[in-house]
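To start, the structure itself, in structure tokens.
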């Protein structure tokens, strides 16, 4: 693979000495710091759900207002995350990470002090912007400080495992905080953690800047923001307004026209934000598509599981969160397995095998839940589903990053994360539509399980057909 290594900035880095080698301890601390910041970003996508009943009563919110409190965060993050990756490559991953972290902590403060739905939605949009800045920067930092391929693969497994864990434990943490301290606590908890992470990151993480003198592609940036924002809006509003909604189809039309405009701009640009040559690499395309499909299946299942446990089993918010703990624990197990198997098993075998197991376990979980069998069987099915899902993520991320120059890690991470966010939105939209249209909730559970199994099997097939080539994009 063509290497375009990060070089130290002429300024002193975090150690005080430019060009100083990074010790193993410092690399490990840096990994956990940037992964910890990313944990907060992913956590905030799910933690707020259990606080919605309290927010509704305190702020007199409508159902539509509650939906936007949840979705405003995902919308702004998905729309701007590609821009965040570009900025990380242009201005340095550490600087953009710290900027995003500061904005995220400040926005969290405004979320907790909001006295009206409008202000809370605005603050959630600002939270999403902060997350869009530091999420791709965190992965770019991980790639930049781990030079050895095996160490880098294990670091990415850790990074992905923490992200998966955050997505799963959000309902649990949210239930505990709301029950003990009220709904503002789900936002205020980010403030001290964010400030501590900011200080430690500024001290420990080395300042390494890619020598990237390309011009900023404003046309590509603006059209990508409109494209991603319109797609997210369509996914968010589809379950509420239905397939015949004029607003949904207008958003789809705007997304399509923006995508065409983006392609033409990037084709003519001297310094495109995303080099179109990347899309001639089938391995790059397949790995990114796998990441999107995995999020469709996982977040769709997580949504329907939460709804089913609450409605059909009669569990409260705190009990539902605890019932989903097997999924949370198994996500870490799956990432640990992926890290251990790196180098011993080809990535396409690991991706395909783990997703096939997860597909079968999704169908098994639906059968056991709708049959109201004993809890040990349900817990086992959920754990296998979570472990199979998460084991596919680290090798998928590694394959994506192998296809591009190191100085483009930020934009590659931003693109991958944007597609994954879109996948989660469409997964939730499918699950929400199934629960709305199906005459009974067990049927909705089976529909979502079948969709998850289908997209996982398709992703496994992509891994076997394309990812096994392991082609490397030069330049």
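Residue numbers (our numbering): 6 to 480.
Glycine included, each C-beta is placed from N, C-alpha and C at the ideal position.
Quantities reported herein were computed from a predicted structural model and do not represent experimental measurements.
With DSSP as the reference, label residue i as helix, strand or coil.
i	result
residue 43	helix
residue 377	coil
residue 354	helix
residue 216	At residue 216, the pLDDT of 46 sits below 50, so the modelled position is not reliable; the number obtained from the coordinates is stated separately. Coil.
residue 21	Confidence is the limiting factor: at residue 21 the pLDDT is only 32, short of 50, which leaves the residue's position unreliable and the question unanswerable from this model.
Roughly how far, in whole angstroms, is the beta-carbon of residue i from the beta-carbon of residue j, given that I think they are within contact range, below 8 Å?
i	j	result
residue 419	residue 91	7 Å
residue 253	residue 271	Rounded, the Cβ-Cβ distance is 27 Å, inconsistent with contact.
residue 434	residue 309	So it is not a contact: roughly 12 Å between Cβ atoms.
residue 278	residue 246	Incorrect: roughly 32 Å between the Cβ atoms, too far for contact.
residue 339	residue 392	4 Å
residue 142	residue 78	Contact flag wrong, Cβ pair sits at about 18 Å.
residue 458	residue 357	Not a contact, Cβ separation roughly 14 Å.
residue 298	residue 428	6 Å
residue 423	residue 233	6 Å
residue 192	residue 113	5 Å
residue 244	residue 51	In fact, because the Cβ distance is near 17 Å, the residues do not count as touching under 8 Å.
residue 1	residue 94	In the structure displayed, the chain extends from 6 to 480; residue 1 sits before or after that span and is not available.
residue 388	residue 335	4 Å
residue 438	residue 394	Not really, about 22 Å apart at Cβ, beyond 8 Å.
residue 348	residue 99	Not confirmed; about 29 Å, so no contact.
Below 6 Å CB to CB, which residues in the same chain sit around residue i once its five sequence neighbours on both sides are set aside?
i	result
residue 369	386
residue 46	136, 140
residue 344	159, 162
residue 260	232, 235, 236
residue 481	Past the edges of the chain, shown from 6 to 480, lies residue 481, and the structure says nothing about it.
residue 122	64, 66, 70
residue 205	38
residue 240	430, 431, 434
residue 302	457, 460, 461
residue 342	396
residue 403	158, 161
Between residue i and the rest of its own chain, which residues show a CB-CB distance below 7 Å, the 5 nearest in sequence each way excluded?
i	result
residue 134	81, 85, 108
residue 289	283, 405, 408, 478
residue 467	291, 294, 295
residue 266	228
residue 425	296, 297, 300
residue 446	313, 316, 317, 440
residue 132	49, 78, 109, 112, 113, 116
So, using beta-carbon positions, are residue i and residue j closer together than 8 Å?
i	j	result
residue 332	residue 390	yes
residue 66	residue 183	no
residue 43	residue 164	yes
residue 187	residue 54	no
residue 238	residue 106	no
residue 167	residue 353	no
residue 482	residue 413	Residue 482 lies beyond the residue range present for the chain, which begins at 6 and ends at 480; the question has no answer from this structure.
residue 48	residue 128	no
residue 314	residue 320	yes
residue 305	residue 453	yes
residue 355	residue 346	yes
residue 330	residue 147	no
residue 383	residue 374	yes
residue 87	residue 138	no
residue 274	residue 222	yes
residue 471	residue 351	no
residue 361	residue 465	yes
residue 83	residue 430	yes
residue 38	residue 174	no
residue 126	residue 60	no
Please confirm if residue i has its CB atom under 8 Å from at least one CB of chain D.
i	result
residue 48	In the structure shown, chain D cannot be found, because there is only a single protein chain.
Whose C-beta lies closer than 8 Å to the C-beta of residue i among residues of the same chain, with five residues either side of it excluded?
i	result
residue 118	189
residue 200	110
residue 480	At residue 480 the pLDDT is 39, less than 50, meaning the model places this residue with poor confidence and gives no usable figure here.
residue 195	45, 49, 109, 110, 113
Would you mind listing the alpha helix (DSSP H) stretches within the region 411 to 470 that are 4+ residues and don't spill past its ends, in chain order? 414 to 442, 446 to 470
Secondary structure, alpha helix (DSSP H): runs of 4+ residues fully inside the region 305 to 330: 322 to 328
Scan the region 115 to 184 and note each continuous alpha helix (DSSP H) run of 4 residues or more that stays entirely inside, going in chain order. 122 to 150
Taking the runs of the alpha helix (DSSP H) that are 4 residues or longer, which of them lie wholly in the region 43 to 120? 57 to 64, 68 to 96, 98 to 118
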